Every structure is written in structure tokens, then in C-alpha cells.
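Step one of this worksheet: look at the structure below.
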Amino acid sequence: MLVMEFKAVTNKAQKLAIDEAIRTSRFVRNKVLRYWMDNKGVGKKELYRYNTDLRAEFKFVEDLNSHACQASVENVERAIHSFYDNCKKKIPGNKGYPRFKKSSRSVEYKTSGWKLCPDKKSVNFTDKKGIGKLKLKGTWDLWRFDVKLIKRVRIVSRADGYYVQFCVKVDNSETVETTGKIIGLDVGLKDFYTDSNGYREPSPRFYRKGEKRLKFYQRRVSRKKKGSANRKKAINRLGRTHLKVSRQRQEHAKRLARCVIRSNDLVAYEDLRIKNLIKNHCLAKSINDAGWYQFREWLEYFGQKFGRITVAVNPAYTSQNCSNCGEVVKKSLSTRTHSCKCGCQLDRDHNAAKNILTKALSTVGHTGTILNAWGEDTSTLLGSGLEEQVTSLNQESPDF
């Protein structure tokens with residue numbers, strides 16, 4: 432599934448109509464969820480039947496396209512299934528019991544309720560909410576795809592305006608040449624990651640750099656009178672600043688992940704539980720600012736797109752074990768250098784990256800994946816091709 436996003440050009444009346452459609456979608460979701468809570472054991476058919484009753488009872492719900500209401504029911508259904516799956520798997524901690532939404536930012540249409548204009552630079556929403564024709568700004572080319580391949584259309588509200596997303600059912604995979612190179616990555620706070628070749632990618636720390644500006648706009652919000660127009664403007668300005676930081680972090684993770692995947696046939700990384708890590712309140716802000724999970728998601732996405740192997744390994748003892756002899760060398764978090772009796776002396780993160788790669792290779796071997804050659808290690812530096820970053824391994828291919 433390919434998601435293509437465009438900025439929507441809207442007037443004041445259209446903004447009000449979109450906000451009303453989003454509120455209606457949230458209303459349907461919360462009502463259906465309440466119906467499920469009050470009637471234990473109801474199934475999928477009963478939820479959709481109750482949605483039909485809501486459309487008959489409330490005029491503003493009937494004005495929203497029926498497929499958009501069904502999409503809200505599907506959101507409740509996914510939340511219920513996720514909760515039951517977590518219970519069956521006996522996941523420790525919170526099982527994710529479905530909750531009511533106090534606020535939402537999107538409304539989703541399926542195959543009806545919208546019509547793409549012939550120029551494919553605008554979309555017309557045909558339900559009774561009054562959204563009408565929205566002009567689209569963006570560089571994506573919708574001409575490449577048949578309209579029948581567009582399965583979902585979302586309108587998303589953000590601090591800097593409204594966006595229209597088209598979910599297109601196409602095969603997005605690409606064929607790239609094999610490089611014969613493998614790599615292990617150890618993420619950290621001092622450096623964004625350190626690879627098994629010793630290269631360190633510096634951490635951008637977007638939130639830390641923008642924190643002063645964020646605090647300034649937060650103070651402006653707190654000084655405004657609640658419910659006033661000036662307070663709404665201040666909240667929107669604060670939201671746009673947060674959105675800029677979020678986009679910077681997302682783009683950074685995407686750019687690095689694409690470079691790493693294209694440069695290597697196998698990429699190994701840690702299977703970290705970010706939810707557990709941020710329980711340490713001394714490091715929570717820095718961990719969230721790093722965006723490790725976003726980086727992992729993009730690694731897996733580009734790995735699937737380009738046909739590369741991505742392996743998440745258990746991070747246990749990757750920092751303590753020696754990458755040369757396997758001996759356990761205990762060290763605290765403040766100890767940044769790994770020194771072993773065998774003579775191996777490396778940076779702590781470099782040693783961990785080597786251990787991550789070793790674990791991944793043993794895992795890949797057990798799953799039956801065959802690597803033809805280890806070849807040469809390559810730098811993950813952006814725009815790599817720098818020959819001084821490439822080092823030869825001179826090691827025979829392992830037999831798996």
C-alpha cells in the first residue's frame with residue numbers, strides 16, 4: 432500500500448465542514464465503542480447494525496458518507512481485536528483496552544464519498560457535509576495509477592493546515608543490485624548510531640535544539656485567557672513548532688534508513704522496548720528525542736521495499752560481551768570503552784554493534800537464509816562511496 436499525501440487549499444467554509452466531518456467520525460467511533468462496552472459479546476455484525484441505527488437517529492451522522500462511518504466502526508473493531516490478542520498472548524502490563532477519543536484529527540473515506548477531478552490536481556467530496564472541491568498541492572503524480580486502485584482517502588488536520596492522503600494498492604518494491612555487505616547498528620544517545628565498522632552517526636537532537644523556542648511559545652499560551660481567540664492562535668503557533676521538530680526527526684530517520692538499507696544486504700539492529708526504556712525519567716526526554724523506533728520502522732520498510740534482510744536481535748549483553756573472545760566484561764553505563772583481557776579495546780558502542788551483527792548472523796543461519804559472501808564492510812555515511820570508509824574483512828563465507 433502506497434500513501435500519497437497532498438496539502439489541501441481550503442477556504443473558511445471548507446475548514447468548518449472538514450472539522451464537522453472529523454467530529455462526526457469521532458462521535459460514531461465513541462458511540463459504537465460504548466455500545467460494545469455495554470453489550471458484552473456483541474460481534475462485527477451487531478456493531479455495523481448499530482452504526483446503521485445511528486445514521487437513522489442523527490441527521491448529522493447521516494450527512495457523513497456511509498463508508499466514512501464504516502471506517503470509524505473498523506477502527507473500533509481493530510482496537511477490540513488488538514486488545515483480545517494482547518490478552519491471549521499474555522503481554523505484561525497494559526493490554527490496550529479500547530478507550531474513547533477526546534479529540535481526533537482525521538476522517539477516512541473508502542471507495543465512495545469522493546471523486547477525483549479529471550486534472551487529478553483536485554478532489555471533490557460529494558457527501559452532505561459540504562466540503563466540496565479541494566485543490567491539491569504536492570509533487571506526487573496521481574496519473575500513474577488507476578482510480579480503482581485508490582482504496583482509501585483521508586483528510587488529516589494538522590497545525591499548519593489540512594492534508595489529503597490517498598492510499599493506493601500497488602506493489603511499491605524496487606529491485607536493487609546486491610552489495611555483498613552486512614552491518615550491525617547500535618543506537619545510542621551520544622551518537623545516533625554506531626555501526627560494526629566503527630562509523631558514528633552524530634545525533635541531531637532536534638527537540639533539544641528547539642526546546643528554547645518551544646518554551647517561549649508555551650509561556651505565551653499560558654498567559655492568554657482561556658477560550659479567547661488569542662489563546663487559540665498561540666496554541667496553533669506552538670503546535671506548528673512541535674510539528675516542525677517532529678518532521679525534522681521523521682525526515683532524518685527516513686534519510687538514514689534508506690541510505691543504510693541501500694548500502695547493505697543485511698542490516699542488524701537491537702529489538703529495543705522503547706516503552707520500558709522511557710520509564711527512566713532521567714533519560715526519557717533524550718530517548719524520545721532520538722527517535723529510535725521511527726528509525727527501526729523505516730529500516731524495516733525500506734528493507735521490504737528493496738528486498739534487503741533486516742534482523743532485530745535481543746540486545747541483552749551486547750554491551751557486556753567481548754566481540755573478539757565472547758568473555759563477559761561487566762561495565763556501568765558511564766564506562767564508554769570496552770577493554771578485555773584478550774587485548775580487545777574498542778568503543779563501547781562499536782563493540783555492541785559487532786555483537787549485534789554476530790547475533791543476527793546466527794539467527795539468519797537458523798532461519799535458513801543463505802548469504803553468498805560476507806564481502807566488504809561499507810560505511811553508512813550519507814553519500815557513501817568514500818573509499819576511505821571501506822575496510823576489507825578478508826573472511827570466508829560461513830556455511831549456514
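According to this note's numbering, the stretch in the sequence shown is residues 432 to 831, in order. Where is the CB? At the ideal position from N, CA and C, for every residue including glycine. Owing to the predicted nature of the structure, the values given are computational and were not obtained by experimental measurement.
Residues of its chain near residue i, where Cβ-Cβ distance is below 8 Å and the 5 sequence neighbours each way are ignored
i: valine 759; result: Tyr748, Gln751, Asn752, Cys753
i: aspartate 830; result: Low local confidence applies: a pLDDT of 36 at aspartate 830 is under 50, so the model's placement there is unreliable, with the coordinate-based value given in what follows. Hits under 8 Å: none found.
i: lysine 762; result: Ser750, Gln751, His769, Arg779
i: glutamine 649; result: Leu669
i: leucine 567; result: Phe437, Lys438, Ala439, Val440, Lys552, Ser553, Val554, Val595
i: glutamine 681; result: Gly722, Gln725
i: glutamate 819; result: Confidence at glutamate 819 is low in this model, with a pLDDT of 34, below 50, so the placement of that residue is unreliable and no value is reported for it.
Extent of the continuous alpha helix (DSSP H) to which residue i belongs
i: isoleucine 562; result: Isoleucine 562 -> no alpha helix (DSSP H), and no H or E assigned at all.
i: methionine 432; result: Segment: none, methionine 432 is in no alpha helix (DSSP H) and carries neither H nor E.
i: serine 537; result: Looking at the DSSP string, serine 537 is not in any alpha helix (DSSP H); the run it does join, the beta strand (DSSP E), is 537-540.
i: arginine 583; result: Unbroken run through arginine 583 is the beta strand (DSSP E), 581-589; no alpha helix (DSSP H).
i: leucine 573; result: Per DSSP, leucine 573 belongs to no alpha helix (DSSP H) and is neither H nor E.
i: leucine 764; result: Note, leucine 764: premise wrong, no alpha helix (DSSP H); not H, not E.
i: threonine 455; result: 443-469
Own chain partners of residue i with C-beta closer than 6 Å, once the 5 adjacent residues on each side are dropped
i: cysteine 756; result: Cys773
i: asparagine 517; result: Lys526, Gly527
i: histidine 683; result: Pro635
i: serine 537; result: Arg585, Val587
i: phenylalanine 556; result: Trp545, Ile562
Close beta carbons around residue i, own chain, < 7 Å, minus the five adjacent residues each side
i: phenylalanine 733; result: Ala688, Arg689, Ile692
i: lysine 706; result: none
i: lysine 520; result: none
i: threonine 798; result: Low confidence applies to threonine 798: its pLDDT is 42, below 50, so where it sits in the model is not reliable, and the reading given next is rough at best. Hits under 7 Å: none found.
i: arginine 662; result: Val652, Lys655, Lys656
i: asparagine 786; result: Thr749, Asn752, Ser754
i: asparagine 603; result: Leu433, Lys736
Residue of the options minimising C-alpha distance to residue i
i: lysine 490; options: Asn745, Ile522, Lys560; result: Lys560
i: alanine 721; options: Ser634, Ile511, Ile449, Asp494; result: Ser634
i: tryptophan 574; options: Pro746, Ser503, Cys548, Ile562; result: Cys548
i: threonine 483; options: Asn667, Lys471, Lys462; result: Lys462
i: phenylalanine 840; options: Leu464, Asp494, Ala699; result: The structure shown does not extend to residue 840, since the chain is modelled only from 432 through 831, so no value can be given for it.
i: threonine 766; options: Glu731, Trp723, Lys621; result: Lys621
i: glycine 569; options: Ile511, Val578, Lys438, Gly615; result: Lys438
i: tyrosine 638; options: Asn442, Arg651, Gln679, Leu616; result: Gln679
i: glutamate 731; options: Tyr724, Trp723, Thr741; result: Thr741
i: lysine 446; options: Pro529, Ser513, Tyr593, Ser456; result: Tyr593
i: lysine 600; options: Ser543, Lys579, Phe458; result: Lys579
i: glutamate 840; options: Gly474, Arg486, His498, Gln735; result: In the structure as shown, the chain begins at 432 and stops at 831. Residue 840 is therefore absent and cannot be evaluated.
i: histidine 498; options: Lys582, Val434, Tyr515; result: Lys582
i: phenylalanine 576; options: Glu505, Thr672, Phe597; result: Phe597
i: proline 523; options: Arg704, Leu433, Met435; result: Arg704
i: tyrosine 533; options: Gly544, Leu788, Phe514, Thr455; result: First, the residue type needs correcting, since residue 533 is lysine and not tyrosine in the sequence shown. Nearest option by C-alpha distance: Thr455.
i: aspartate 617; options: Asp696, Ser717, Asn782; result: Asn782
i: leucine 777; options: Tyr630, Ser659, Ile449; result: Tyr630
Extent of the continuous beta strand (DSSP E) to which residue i belongs
i: glutamate 477; result: From DSSP, glutamate 477 is part of no beta strand (DSSP E) but of the alpha helix (DSSP H) over 475-488.
i: threonine 741; result: 740-744
i: phenylalanine 597; result: 592-599
i: leucine 777; result: 776-778
i: serine 770; result: 768-770
Residue i at chain C interface by Cβ criterion, 8 Å
i: serine 537; result: Chain labels in this structure do not include chain C; a single protein chain is all it has.
Exercise. May I have a chain-ordered list of the alpha helix (DSSP H) segments no shorter than 4 residues that lie completely inside the stretch 674-733?
Key: 705-708, 715-721
Quiz prompt | the stretch 610-625 touching the stretch 637-645, judged by at least three CB pairs closer than 8 Å | solution = no
Self-check item: Contained alpha helix (DSSP H) runs [length at least 4] in the stretch 619-665, N- to C-terminal order
Solution: 637-654
Self-check item: Start-end ranges of the beta strand (DSSP E) lying completely within the stretch 506-554, minimum 3 residues
Solution: 537-540, 545-547
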